[in-house]
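All letters in the sequence shown, in the order written, are residues 899 to 1155 by my numbering.
Ideal Cβ placement from N, Cα and C applies to all residues, glycine included.
Being a predicted model, the structure only gives us computed values, none of them experimental.
Below: one structure, written as structure tokens.
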Amino acid sequence: MKDDNQIIYYKNELEDDFATMENIKIVNVDENYKYIHKSPIWNIASIVTQNILSMPIKYLYAKIKFNIKFIGKEKLKKEKKNGYFIYANHTQIFADTFIPSLANFPKRNFFIVDPANISMPGLKLLVRLLGAYPLPADLKAYKNFLNAIKKTIENKHSITIYPEARIWPYYTKIRNFKSVSFKYPVELKAKAFCITNTYHKRKNGKVRIISYIDGPFVADSNLSKKEAQEDLRNRIYNQMVERSKSSDFEKIKYIKE
């Protein structure tokens, strides 16, 4: 629960979500769900939506609301000819969908999301055009999901993953997260980067975000896939924890019950 003093009480950092979308009928992402569209019209519409129409909105929102600053963008620019994964902390409802795209523009960026994100009335089509890949509901859908991830990396795009899974607005630390999402760069032999969004107070009292970009992180080929997955998770987690220490403003205080 949240009170007027900007305090949020939590019980479980792996499960609690403070941006829950209520009264939404969740789309069933089964084997009939289309991750990859063969229609050239769809693909053109997606490119235009992702990298042309939405970019001014993304830029202005991030700049005006957060006066955002990126540190380390050059690391992504060196990977123009490669697809890669981006791991980021999950602390904003809207800005989290903008920040990775701004960081690696003009490379197209896709997101692995909860099905609730493509279930919002009036926004379903837009979210899909912006590059959302919802988590599958069953094994048959999972095959299509993995195929979409593979093709996206092969096409030299980026895929952003929020390993914390749940949104904690303005949280300044890094929550513990599982290693399951780190199997993708291990299996595809793709590089991984992390973006750590840190929070600071501006002179006008408003919040500023400074986003640190680190990497590339490469899976250790001397380890088994499972070990490499865990090792990659630990290295990225540790780097994000170190970067998060630069946050010096706590807009919302989180207290464990």
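query, result
"Candidates Ser1109, Leu1130 and Leu1033: closest to Ser1119 by CA position", "Leu1130"
"Contacts around Ile1010, its chain only, beta-carbon distance under 6 Å, and the 5 residues preceding and following it disregarded", "Tyr1031 and Ile1059"
"Terminal residues of the alpha helix (DSSP H) in which Ala1046 lies", "Leu1037 to Glu1052"
"Residue(s) in a DSSP beta bridge with Asp1012", "Beta-bridge pairing links Asp1012 to no other residue."
"Own chain, CB closer than 8 Å to Ser1142, minus 5 neighbours either side, in chain order", "Asn987, Thr1070, Lys1071, Ile1072, Thr1094 and Thr1096"
"Backbone secondary structure at Lys963 - three-state DSSP", "helix"
"Opposing strand residues paired with Ala1030 [DSSP bridges]", "Phe1009"
"Outcome for Glu972 when other beta-carbon atoms lying within 10 angstroms are tallied against a minimum of 16", "exposed"
"C-beta atoms of Ala1014 and Ala993 nearer than 8 Å", "no"
"Cβ-based burial, Val927 [other Cβ within 10 Å; buried from 16]", "buried"
"Minimum C-alpha distance to Lys1005 - residue among Leu1044, Ile1057 and Lys956", "Ile1057"
"Inter-residue CB distance, Phe1008 and Gly1029 (contact presumed, cutoff 8 Å)", "4 Å"
"Given Asp1112 as reference, the closest of Leu1024, Arg1133 and Ala1088 once Cα atoms are compared", "Arg1133"
"Neighbourhood of Glu1155 by C-beta, 6 Å cutoff - its chain only, sequence neighbours within 5 removed", "Tyr907 and Lys909"
"Sequence-distant residues of its chain with Cβ nearer than 7 Å to Gly981 (five each side left out)", "Thr1050, Ile1051, Glu1052, Asn1053, Lys1054, His1055, Ser1056 and Ala1088"
"Short Cβ contact (8 Å threshold) for Ala1090 with Pro1114", "yes"
"Local Cβ density within 10 Å of Asp901, reported as buried at 16 or more and exposed below that", "Unreliable positioning characterises Asp901 in this predicted model, as indicated by a pLDDT of 43, which lies under 50. The coordinate reading is nonetheless provided below. The residue in question, Asp901, is exposed, as its Cβ has fewer than 16 Cβ neighbours within 10 Å."
"Limits of the unbroken beta strand (DSSP E) element including Arg1106", "Val1105 to Phe1115"
"Lys1038 versus Tyr1068 - alpha carbon distance", "37 Å"
"Spatial distance of Asp914 from Tyr985 (CA atoms)", "20 Å"
"Straight-line gap, Asn1002 to Lys967 (C-alpha atoms, nearest Å)", "13 Å"
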